[in-house]
Each structure stands twice: as C-alpha cells, then as structure tokens.
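Written out below as structure tokens is the structure these notes cover.
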Amino acid sequence: MSTRDDAPMTPSALVDYAKSLDCIHCGLCLNSCPTYRLTGAESSSPRGRIHLMRAVAEQELAPDAAFVDEMDFCLLCRNCESVCPSGVHFGAMMEHTRDALVKSGRSKPRGLVRFAFDHVLRKRWMLRLATRAGRTLQLMGTWRIFFTHLGKHGRLLADVPDIPPARERRRMPALTKAACDRRGAVAMLEGCVMPELYGRVNRAAASVLSRSGFDVQVPRDHVCCGSLHAHNGDLDGARALARSTIAAFEPLVDEHGAPAPVVVDSAGCGAHMKEYAHLFASDDPWHGRAKAFSARVKDFSEFLAAPLARDGLVRALRTDAPGQALGRVTYDDPCHLCHAQGVRKPPRELLDLVPGLERVELPYSEQCCGSAGIYSMLRPADSLAIFAPKVAALDETGARVLVTANPGCHLQWDTGLARERRDVRVMPLAEVLELATRPDGRVTASRPASGGA
Amino acid sequence: MDPKLIDGLRAIVGPAGLLADDVRRKPYESDALAYLKRIPELVVLPRDTRQCAAVMELCARHRVPVVARGAGTGLSGGATPVEGGIVLGLARMRDVLAIDPERRIARVQAGVVNSDLSIATAKHGLFYAPDPSSQKACTLGGNVAENSGGPHCFRHGSTTRHVEGLVIVTARGDVLDLSRPRADPLGLDLVGLFVGSEGLFGIATELTLRLLPIPPVTETLLAIYTSLEAACQAVTQVIAEGLEPSALEIIDKLTIEAVEASVLAAGYPQDAEAVLLVEVEGSEAEVASQTRALEPILRAFGAFELRRARDEAERARLWAGRKGAFGAMGRIAPDLYVIDAVVPRTKLAALVRATTAICRERRLKLANVFHAGDGNLHPNISYDRRDQDELARVIDAGHAILRTCIEHGGALSGEHGIGLEKLEAMEWLFTQDDLAAMCRVKEAWDPEGRMNPGKLIPVHTCMETRSALPSGGRA
Ligand SMILES: Cc1cc2nc3c(=O)[nH]c(=O)nc-3n(C[C@H](O)[C@H](O)[C@H](O)COP(=O)(O)OP(=O)(O)OC[C@H]3O[C@@H](n4cnc5c(N)ncnc54)[C@H](O)[C@@H]3O)c2cc1C
Ligand code: SF4
Ligand code: SF4
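Protein chains in written order, with this note's numbering: chain A, 1 to 453; chain B, 454 to 928.
Next up, the structure:
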C-alpha cells in the first residue's frame with residue numbers, strides 16, 4: 001500500500017480532533033478491545049488509536065501506511081465505548097478517519113469495495129442479479145474455481161454460505177396483518193443483503209410480531225440503510241442512503257396516525273439508524289428529521305421486550321415447552337447491539353420467556369466475533385484470529401444452540417462452526433421465537449448448520 | 454539502535470513481538486500520566502519467562518536501559534520510557550497458568566489483567582481481593598510493582614498481602630524462582646522486597662497469588678451528609694467500634710456537583726456535602742449484624758439519608774457516583790491529574806480544606822474522592838496538557854498538596870507510586886541516609902542501573918552514595 005504525499009487533505013483533516021480530546025488516556029478501554037487482546041500492542045488499542053489520531057492532527061506523526069493499517073485493523077465493534085468512563089465517541093471518530101483516508105487515497109483496499117457500495121447495495125435489482133449469479137456459480141461448482149483465483153481474499157468467500165434458493169429469497173409483503181387481537185402497527189426494515197442471504201429471518205421476525213398482535217408494514221421501495229458505507233469510509237454515500245431511508249419510513253404510521261416504530265432485526269443496521277443525526281450538521285434540516293426518525297428505531301428484541309409487545313408475545317407462546325427441543329442455549333451479544341445500542345437484557349429476557357428453554361451465559365459474550373461488517377472479507381486472517389477465543393468460550397458452555405441477533409454474526413458463526421466442526425446450531429433470536437410461537441407446527445430440534453466448505 | 458540488537462530481539466520474540474516503526478512506538482511514550490513522555494527506542498513483547506530472560510540478557514550485553522510496562526494505567530510515570538531505553542511490555546503474557554482451589558492460590562503470567570483473574574476463579578467460588586479502580590485494565594504484574602490498593606483493600610490489605618511467590622527475571626537475564634512453596638518461613642523475604650519496587654529491581658514474569666472465598670452476601674450502604682467533617686467522623690467512629698466493613702469511600706461536594714452535571718448523574722440531593730459508601734460482606738448473619746451496628750453510627754453523625762442495596766443492579770446504582778467521578782471530571786477537560794495523597798485518617802477533613810484552597814488559588818478545577826478508611830485522598834484536577842501555564846499550575850498544586858500531607862504526618866503515595874512524578878518529593882520526606890540505603894538495595898539488584906533508571910529514587914543521591922564508597926561505586 002502506498003500513501004500519496006500530494007494528497008489534498010491536510011493531516012489534521014484526517015481526524016476529528018475535537019472528539020479525540022475527550023480521551024483522558026486512562027487506559028480503561030485496553031482489555032475490552034479485541035485487537036489489543038490479540039496483539040498486546042498499544043497501537044492496536046482504542047487509547048493507542050486515539051493517541052495516533054491526535055498525534056497526526058498535531059503533526060507529530062505522519063499518516064503513513066502503518067497508521068492506515070492500525071485504523072483498518074480496528075473492528076469498529078465499539079466495545080471501547082461501553083467501558084470508557086469519559087464517554088469517548090470512538091465509532092464516530094473512526095468513521096471520520098476512514099472516510100478521510102479513503103478520500104485522500106491513503107486506504108486502497110476499501111476502494112475495492114466501493115464499487116459494490118456505489119452500485120450493488122443501492123439497487124434491489126442489482127442485488128438480486130448478483131445473488132442469482134452467485135447461486136448459479138455455486139450450483140455449477142464453479143464457485144470454488146472463482147474464489148481460488150481471488151487469492152487471500154478469496155479464502156473467505158470459500159466460507160460464504162450457500163445462497164438460498166429463490167423461494168427463500170422472496171420479498172416480504174408490504175403488509176402482514178396481526179394474527180390475533182391487534183395491539184398496534186410497526187414498520188420493519190427489510191435491508192439490503194438480509195433478504196438475499198437471510199430472508200427467512202426477516203419472515204420469522206414478521207411472524208413473531210404478527211402473532212404478538214402487530215401489523216407489520218415494509219416499505220417495498222427501500223433498499224439499504226447505509227451502515228456499511230459509514231463504517232468503511234464512504235460518509236457521502238451513507239448520507240444519501242440515510243436521507244432515502246428516512247423518507248421511506250416517514251409516511252408509515254400506526255393505527256392512530258402516529259409514526260410507527262421502526263423495528264430492525266439486524267443490529268448493525270439498527271445501531272447506525274439510531275445515530276443518523278451525526279451524519280448531518282446541526283443546521284442541516286435533515287439533522288432534525290434524522291433525530292425524529294432515530295427515536296422510532298427499535299431493535300427487534302428491544303421492541304418485543306417492552307410491556308405491550310411482551311404481553312402479546314407471552315400470549316402467543318406455546319405452552320408445551322417448545323424450548324426443550326433445542327437443548328441448552330446460549331446467547332452471543334452482537335457488538336452493535338450491546339455496545340452501540342446498549343441493548344443487553346431484552347434478548348435474554350425474551351429467551352427466558354420461552355417455556356422449557358435452558359439458557360446459560362457465554363463467557364466474554366460481549367467480545368467481537370470478528371465478523372464486523374465486511375471486515376471478515378477485508379482482513380480474513382485477523383477475522384479468524386479474533387474468532388478463535390469465541391469458539392473456546394462456546395465449548396465451555398456445552399450449548400447446543402447459539403443465539404445471535406445480527407446477520408453478520410450469524411454468518412461468521414455459521415461458517416466458523418462448520419470450519420471448526422462443532423455440532424452447534426446458530427439461530428437468530430427471531431427464529432427461536434418463531435418456533436416457540438408456531439401455532440401448530442412441530443418444533444424441530446436439529447438442522448445442521450448451513451454453509452461451510 | 455544497534456541493528457544487531459534489533460535482529461537479536463526479533464529472533465527471540467518473533468516479528469509480531471517487536472515494535473520498531475514510528476506509529477507503533479508512539480503510543481508507548483507515556484502511561485496514564487500523559488504529560489510525561491518520551492518515545493521508546495523499541496518495544497519488545499515477549500510471550501513467556503524464557504523469552505523475557507533472553508531479551509534481558511541481550512539488553513544487558515548491549516547495555517540498554519529497560520522499562521517494564523504492564524497496561525500503562527500507572528498514574529506516576531512509572532512506565533514512561535527513558536533515554537536510549539526500550540520498553541518491555543508484558544501484554545502478551547496473559548495466561549492463567551494454574552488455579553489450585555484447595556490451597557486457594559493461582560499462578561499467573563504477569564500480564565494477566567486483574568479482573569480477568571477473578572473471572573477465571575469465580576467457578577471455584579474464589580476471587581482475588583485487591584481491586585484497584587483500574588482493575589478491568591491494569592495487569593497483576595503492574596499491581597505487584599506498584600503494590601496497588603483499591604476500595605476493598607481497607608479490609609483485605611493491599612497487593613503485598615496477597616503475593617505468595619514470584620518468578621523474577623533479573624537485569625542480567627537470570628531467572629530467579631521465588632515461587633516454590635516455602636515450608637521454611639525463615640530467610641530474607643525477597644518477594645516482600647520486590648513488591649512495590651516499581652520496576653527498579655527486575656521483571657516479574659510469573660506470580661503466585663492468594664485467593665479468597667467469594668463472600669455469600671454483600672451489602673452496600675450509602676449515607677448522605679450535609680458536612681464533610683461529619684462523614685469523616687462517622688468513618689473514624691466505625692473503625693473505633695471495631696467494625697470491619699470491606700470498603701469505606703467518600704466523595705465530596707465538588708465531585709457530587711461534577712457527577713450530577715454530567716450524563717453520569719447518580720441522583721444525589723443538591724445540598725449533599727459528602728456521600729459515604731460503606732460495603733459489608735460475609736455470611737448472612739455477619740452482614741446483618743454489621744449492618745445493624747453501622748446504621749446508628751452513620752445516623753448519629755447526621756446522615757440525613759441512608760440507602761441500602763443488596764442485589765448487583767442496586768449496588769451498581771449506589772456506586773455510580775463513585776465510579777463515575779473519574780469520567781465526569783474527564784469530560785470537563787482533555788486531561789485529568791489524579792493526586793494520591795495520604796494523611797492519618799483524623800486529618801482527612803483538614804486536608805480536603807487545604808486541597809480546595811490550594812486549587813482555588815491556582816484557578817484549577819478540582820473534585821475529591823477518597824478511600825476514607827485508609828486516609829487516602831484522591832484530589833482529581835482536570836486540565837489541558839497543551840496549556841503550558843495551566844500544566845505548570847497543576848504540577849505546582851500537586852507539590853503543595855504533597856507538602857501539606859507531609860506536614861500532617863502523611864506519606865507521598867497511597868497506591869499510585871512515586872515513579873517520575875514525585876521523584877523530587879522523595880527528598881522532602883526522606884533523609885539522605887534513607888535514600889542512600891534505598892540506593893544500595895537498588896544496586897544489589899541492578900548494579901548497572903539499567904532497570905527503570907531515574908524513577909523512584911532521585912539519581913543524584915545514588916551518585917553521592919557511590920562516590921562516598923572507597924571503590925568509587927561499582928562493584
Ligand atoms: C482510572 C484509574 C484508576 C486507578 N485506580 C487505582 C486504584 O484504585 N488503586 C491503585 O493502586 N492504583 C490505581 N490506579 C493506578 C494504576 O492502575 C496501578 O498503579 C496499576 O497497578 C498499574 O498497573 P499497569 O499494569 O497499568 O502497570 P504500568 O502502568 O504499565 O506500570 C506501572 C509500574 O510497574 C512497573 N511494572 C509493570 N509491570 C511490571 C512487571 N511485570 N515487573 C516489574 N515491573 C513492572 C512499570 O515499570 C511501572 O513502573 C488507577 C489508574 C487509573 C488510570
Ligand atoms: S477508556 Fe476512554 S478515556 Fe480512557 S483511554 Fe480509553 S478512550 Fe481514552
Ligand atoms: S472499536 Fe473495537 S476494535 Fe476498534 S478500538 Fe474499539 S474496541 Fe478496539
């Protein structure tokens with residue numbers, strides 16, 4: 001990787017300097033950081049990274065290739081924000097720096113994925129075309145040839161799960177009616193990659209909401225919330241998508257005509273949508289609209305655990321101990337749910353509501369699994385190293401089912417457990433609750449984890 | 454740096470264990486006291502005692518000074534690099550080697566983080582008692598080097614009471630195993646001598662630590678006072694009556710204001726002048742009887758509000774103000790100077806008054822929290838290290854507060870150590886003879902003076918000792 005000395009941006013513009021001053025250098029964040037735990041290097045810690053940013057802004061240090069590497073090594077898991085006593089906005093600071101590094105031509109690999117960001121993620125038909133092509137390649141067996149040509153970046157593609165058949169990739173209906181006495185109405189985010197790889201999770205979430213007494217509306221013309229753009233150095237793209245997301249959800253109201261809660265079953269998207277306001281300057285009219293929109297955003301678990309919905313869910317739950325068939329269950333906190341949204345209890349409370357379900361805690365469940373958006377593709381070796389201690393922790397629990405609440409983590413666990421040959425099933429929270437509320441169907445215990453080489 | 458040394462070190466620790474470029478060395482320029490800084494020549498991160506010994510041996514051959522570093526949460530510049538020196542970091546030595554629930558001991562590598570040990574031993578119903586407020590980040594090796602304390606050390610004692618044995622790599626690279634079970638308690642207590650030596654004697658690589666059974670019940674009481682004096686008197690009375698709470702912590706009005714003004718607001722009343730936190734632990738019966746005895750004392754000295762908590766969530770709420778103090782002050786300015794003042798317990802209120810006056814005169818923003826049971830006061834001053842004038846006033850205030858402590862019969866440090874920060878103050882408290890004795894002990898461990906030189910003991914006193922010896926110093 002080379003750096004451009006003639007880059008138009010001054011070093012101080014690479015950094016959100018004001019935010020970097022919130023750090024009082026106490027070091028309390030070190031041990032929470034997966035990349036520091038892995039390397040023991042202060043430069044790969046939150047305090048170290050902030051120190052480097054500040055040094056670049058104060059022109060004590062050149063933003064060279066090693067600097068870019070330490071910024072790219074960060075998972076943006078935001079575990080550091082959870083423990084920082086000084087309330088440092090690490091995520092926003094890193095997004096700023098990555099955006100500036102890409103703009104000034106200092107960060108090349110992220111340039112590669114820009115094509116996908118600019119084109120594929122924004123248009124539903126492009127996404128569909130891409131997954132259809134991918135599935136065809138997989139079915140023909142040419143997939144393997146394709147990824148071996150990609151070298152080290154291809155290795156992770158080897159782990160991409162089988163793209164599901166078209167039946168599973170069908171779109172959600174614009175409206176799913178409440179299946180019982182109606183308690184209210186919600187809007188749901190379908191997402192960009194989600195319907196292509198995990199459409200069944202979206203449908204499970206909608207079923208649970210409907211069985212708990214909610215009409216579920218889906219804006220059919222909406223595609224992507226822009227979180228991957230923001231995390232990977234494309235703040236302009238993120239802003240455009242934020243505006244279109246806000247506009248798509250603004251008209252959706254509940255039965256009283258009030259703005260409907262926006263329920264999100266992907267923690268990464270939810271975290272980003274709750275923070276839309278920081279994409280816009282405070283005098284930008286979109287700032288206010290973003291704030292109003294963000295106030296409506298709720299994680300699926302957060303929405304269901306609140307009293308009104310919880311009551312509906314409890315009524316919908318089967319009483320014949322549907323949890324028993326699953327065996328021992330453990331829950332892994334997605335970073336963008338626990339650290340970015342502060343949602344820790346609701347998923348656990350919901351699991352504990354399921355009759356017959358045995359739940360144990362996963363040690364170090366708030367440590368990142370290494371999925372981190374597209375990180376696992378950009379830095380496959382690091383991603384694997386970050387994942388390793390997670391498997392060891394899972395082994396300690398003796399759990400048969402690992403529950404998550406984010407598609408990226410789902411994918412990482414699915415492929416990782418297949419690679420490590422563990423007979424543990426990965427289930428999104430929505431699917432567990434769907435099973436437990438299924439009116440007549442059988443509760444099936446074992447379905448082998450999908451994907452894997 | 455001699456390229457031979459660099460290659461030799463790389464051969465020992467591997468490429469990932471040697472940090473040589475600008476970006477990777479820069480963050481090691483200071484510990485948590487960020488105004489004292491110097492970029493190290495190299496950073497070496499060994500994996501185990503063997504690698505550590507090889508590194509030290511090579512450094513001895515090249516006559517390179519070595520500064521040990523755990524997590525760099527120290528607050529006295531102990532891990533600040535020295536001229537021409539390397540940093541030997543223990544962050545990659547983070548294995549819990551063995552837990553012996555029968556004998557209630559654990560053997561760990563020095564880079565294990567304090568709170569990770571208690572997490573690992575919890576399944577045996579055991580915990581490691583010393584709990585510095587930095588316990589989620591600081592290393593056990595750093596705790597040994599600083600003889601660290603914490604809120605619960607009032608009852609259980611500071612680190613030195615919990616160290617059973619050590620493996621030490623000496624300045625020359627020899628491995629000194631002081632971790633064998635000592636059937637014979639006689640002989641010189643080298644382990645005791647090493648604890649608190651701030652990296653001046655050698656590198657602790659493996660530690661054998663004592664564990665305690667997790668108390669079945671813990672109860673927290675929070676008493677709110679309209680006068681700081683009253684809170685301090687209540688503490689004195691609690692101790693006089695022979696009660697044994699596990700923690701006695703006070704936060705003052707300035708801290709209450711800072712906390713309440715921040716997002717960390719703990720919900721203290723406006724007219725509170727001091728908040729006293731008392732924690733008792735033990736069996737159901739012990740806790741009940743202690744609490745019964747405590748309540749009237751806390752009220753007798755005028756607590757106008759008393760809150761109690763037993764479950765984890767409630768306890769966290771009561772502790773919120775104490776734990777949030779640091780962060781709340783941190784939000785006021787980019788830097789926070791945590792002073793570590795100690796006086797006899799009865800002088801606490803006087804010291805708080807003096808501290809407040811000292812900071813007011815120097816136009817500094819101050820808040821006090823203290824381990825009241827130990828007479829250990831932490832004045833927290835927020836400042837901006839980029840402002841040279843303000844920095845000078847902060848350092849001056851620190852000196853004035855230390856002098857006040859000495860006048861009141863106190864000490865230079867309760868738990869953060871001397872390091873680089875309080876080097877000068879050593880001469881205010883100790884005589885030349887005291888310091889010369891310390892120099893001789895230091896020289897016995899490290900004759901060439903390459904271990905964390907220029908910290909803890911003022912250098913010139915060592916030089917004077919040396920020139921006073923007939924041989925001119927070196928053995
Ligand atoms: C927010 C905050 C709260 C704190 N609260 C407390 C508290 O309540 N009580 C308390 O006592 N301290 C407290 N401290 C201070 C600090 O955390 C302790 O001194 C801690 O023990 C330092 O550990 P460390 O691993 O960070 O060591 P470092 O800062 O890296 O090093 C400290 C010293 O130890 C030496 N050293 C480190 N490891 C070794 C080793 N293996 N062998 C030999 N020498 C070594 C270093 O050379 C240095 O001189 C606090 C600090 C912060 C930032
Ligand atoms: S915990 Fe917060 S203030 Fe402390 S070093 Fe880390 S980022 Fe900085
Ligand atoms: S976001 Fe995660 S990986 Fe990045 S510095 Fe913070 S804790 Fe470390």
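From the three backbone atoms N, C-alpha and C, an ideal C-beta is built for every residue, glycine too.
request  = Note down, in chain order, every chain B residue with its Cβ under 8 Å from the Cβ of A/E366.
outcome  = Here residue 366 of chain A is taken as the residue at index 366 of the first sequence, counted from 1. Under the 8 Å cutoff, chain B gives no residues; its nearest Cβ is about 12 Å from A/E366.
inquiry  = Measuring only the C-alpha atoms, how far is A/V216 from A/R183?
reply    = The count along the first sequence starts at 1 and reaches residue 216 of chain A at position 216. The count along the first sequence starts at 1 and reaches residue 183 of chain A at position 183. Whole-angstrom Cα-Cα distance: 11 Å.
query = Nearest CA to the CA of A/R171: which residue from A/A185, A/A179 and A/R200?
reply = Taking the first residue of the first sequence as position 1, residue 171 of chain A is located at position 171. The residue with the shortest Cα to Cα distance from A/R171 is A/R200.
inquiry  = Just to make sure I have the definition right: I need the residues of chain B whose C-beta is within less than 7 Å of the C-beta of A/D64. Which are they?
reply    = On the first sequence, position 64 is the one that residue 64 of chain A refers to. The contacting residues are V476.
key: Cβ-based contacts, 9 Å cut-off: residues of the segment 18 to 39 of chain A near chain B   = S20, L21, D22, C23, I24, H25, C26, G27, L28, C29, L30, N31, S32, Y36, R37 and T39
Completely contained beta strand (DSSP E) runs for the segment 594 to 637 of chain B, where each covers 3 or more residues = 616 to 623 and 628 to 631
task = Within the same chain, show all residues whose beta-carbon is closer than 7 Å to that of A/A430, passing over the 5 residues directly before and after it, in chain order.
result = The residue given as residue 430 of chain A occupies position 430 in the first sequence. Taken in chain order, the residues that qualify are V201, A204, A205, V208, D265 and F300.
task = Kindly list, in the order they appear in chain B, the residues whose Cβ is closer than 9 Å to that of A/L435.
result = As a working note, residue 435 of chain A is residue 435 in the first sequence. By Cβ distance, chain B contributes nothing, its closest Cβ being about 31 Å from A/L435, past 9 Å.
message = Quick check on B/Y836 - is its C-beta less than 8 Å from some C-beta in chain A?
response = On the second sequence, residue 836 of chain B is found 383 positions in, with the first residue counted as 1. It does not; no Cβ of chain A falls within 8 Å.
request  = Whole angstroms is fine: what's the gap from B/P698's alpha carbon to B/E734's?
outcome  = Within the second sequence, residue 698 of chain B is the residue found at index 245, counting from 1. Within the second sequence, residue 734 of chain B is the residue found at index 281, counting from 1. The alpha-carbon atoms of B/P698 and B/E734 are separated by roughly 7 Å.
ask   = So, does the CB of A/V462 fall closer than 8 Å to a CB anywhere in chain B?
value = Lying outside 1 to 453, the shown extent of chain A, residue 462 of chain A is not represented and no answer is given.
query = So is the beta-carbon of A/I50 under 7 Å away from any non-hydrogen atom of ligand 1?
reply = Locating residue 50 of chain A in the first sequence gives position 50, where the first residue counts as 1. Outside the cutoff, so no.
The segment 694 to 709 of chain B in contact with the segment 626 to 635 of chain B per 3-pair CB rule at 8 Å = no
task = Determine, using beta carbons only, whether B/L961 and B/K908 come nearer to each other than 8 Å.
result = Nothing in the structure corresponds to residue 961 of chain B, since chain B is present only between 454 and 928.
query = Which residues have a Cβ closer than 6 Å to any heavy atom of ligand 3, listed in chain order?
reply = A/S32, A/C33, A/P34, A/T35, A/P46, A/R49, A/C74, A/L75, A/L76, A/C77, A/R78, A/N79, A/C80 and A/F90
task = Determine, using beta-carbon pairs with one atom in the segment 279 to 288 of chain A and one in the segment 317 to 327 of chain A, whether at least three such pairs fall under 8 Å.
result = no
ask   = Out of A/S86, A/R348, A/S12 and A/A260, which has the shortest C-alpha to C-alpha gap to A/M53?
value = For the purposes of this step, residue 53 of chain A is taken as residue 53 along the first sequence, with counting starting at 1. Out of A/S86, A/R348, A/S12 and A/A260, A/S12 has the C-alpha closest to the C-alpha of A/M53.
inquiry  = Strictly under 8 Å for the Cβ-Cβ distance: is A/I57 near chain B by that measure?
reply    = Position 57 of the first sequence, counting from 1, holds the residue named residue 57 of chain A. The displayed chain sequence assigns Ala, not Ile, to residue 57 of chain A. By this cut-off, A/A57 is not an interface position.
query = Hey, is B/L486 close to ligand 2, as in C-beta under 7 Å from one of its heavy atoms?
reply = Looking up residue 486 of chain B in the second sequence gives position 33. B/L486 Cβ: outside cutoff for every heavy atom of ligand 2.
query = Where does A/P34 land, buried or exposed, given buried means 16+ other C-beta within 10 angstroms?
reply = Taking the first residue of the first sequence as position 1, residue 34 of chain A is located at position 34. The residue is buried, with at least 16 neighbouring Cβ atoms inside 10 Å.
ask   = Do you know whose CA, among B/E617, B/I677 and B/I572, lies nearest B/Y721's CA?
value = Here residue 721 of chain B refers to the residue found at position 268 when the second sequence is read from its first residue. Answer by Cα proximity: B/I677.
query = Does any C-beta atom of chain A lie closer than 8 Å to the C-beta of B/P480?
reply = Along the second sequence, read from residue 1 onward, the residue named residue 480 of chain B stands at position 27. Yes, its Cβ sits closer than 8 Å to a Cβ of chain A.
task = Verify whether the separation of the beta carbon atoms of B/L543 and B/G530 is less than 8 Å.
result = Residue numbering aside, residue 543 of chain B sits at position 90 when the second sequence is read from its first letter. Residue numbering aside, residue 530 of chain B sits at position 77 when the second sequence is read from its first letter. The answer is no: Cβ separation not under 8 Å.
query = Cα separation between B/V520 and B/S650?
reply = In the second sequence, counting from the first residue as 1, residue 520 of chain B sits at position 67. In the second sequence, counting from the first residue as 1, residue 650 of chain B sits at position 197. Each residue's alpha carbon lies about 13 Å from the other.
inquiry  = Let me check you understand the geometry: is the CB of A/S86 closer than 7 Å to at least one non-hydrogen atom of ligand 2?
reply    = Position 86 of the first sequence, counted from the start, is the residue given in the question as residue 86 of chain A. Yes, the Cβ of A/S86 comes within 7 Å of a heavy atom of ligand 2.
ask   = To the nearest angstrom, how far is it from the Cα of A/C26 to the Cα of A/R47?
value = Position 26 of the first sequence, counted from the first residue, corresponds to residue 26 of chain A. Position 47 of the first sequence, counted from the first residue, corresponds to residue 47 of chain A. If you take the alpha carbons of A/C26 and A/R47, they lie about 8 Å apart.
Residue range of the beta strand (DSSP E) that includes A/P428 = Within the first sequence, numbered from 1, the residue matching residue 428 of chain A stands at position 428. Residues R425 to P428.
task = Can you check DSSP and say which residues form a bridge with B/H831?
result = For the purposes of this step, residue 831 of chain B is taken as the residue at position 378 of the second sequence. B/V822.
Contact set between B/D842 and chain A, taken where Cβ atoms lie within less than 9 Å = Counting from one through the second sequence, the residue named residue 842 of chain B turns up at place 389. Correct list: empty, because the minimum Cβ distance to chain A is about 18 Å.
task = Alpha carbon to alpha carbon, how far is A/S107 from A/R239? Give it in angstroms, no decimals.
result = Numbered from its first residue, the first sequence carries residue 239 of chain A at position 239. Numbered from its first residue, the first sequence carries residue 107 of chain A at position 107. Roughly 20 Å separates the two Cα atoms.
ask   = Using 8 Å as the threshold, is the segment 821 to 828 of chain B in touch with the segment 842 to 861 of chain B, meaning 3 or more CB pairs across them?
value = no
task = Compare the C-beta of A/A41 with all C-beta atoms of chain B and state if any pair is closer than 8 Å.
result = Along the first sequence, one-based indexing puts residue 41 of chain A at 41. Closer than 8 Å: yes.
request  = List the residues of chain A that B/L472 touches, going by C-beta distances under 8 Å, in chain order.
outcome  = Here residue 472 of chain B is taken as the residue at index 19 of the second sequence, counted from 1. Ordered by position in chain A, the residues that pass the 8 Å Cβ test against B/L472 are A41 and S43.
message = Just to make sure I have the definition right: I need the residues of chain D whose C-beta is within less than 9 Å of the C-beta of B/G542. Which are they?
response = The structure shown contains no chain D; its protein chains are A and B.
N-terminal and C-terminal residue of the alpha helix (DSSP H) that B/Q562 is part of = The count along the second sequence starts at 1 and reaches residue 562 of chain B at position 109. Segment I558 to Q562 is the beta strand (DSSP E) holding B/Q562; no alpha helix (DSSP H) there.
inquiry  = Rounding to the nearest angstrom, what Cα-Cα distance links A/L308 and A/F73 in this structure?
reply    = Reading the first sequence from its first residue, position 308 is the one you call residue 308 of chain A. Reading the first sequence from its first residue, position 73 is the one you call residue 73 of chain A. The alpha-carbon atoms of A/L308 and A/F73 are separated by roughly 42 Å.
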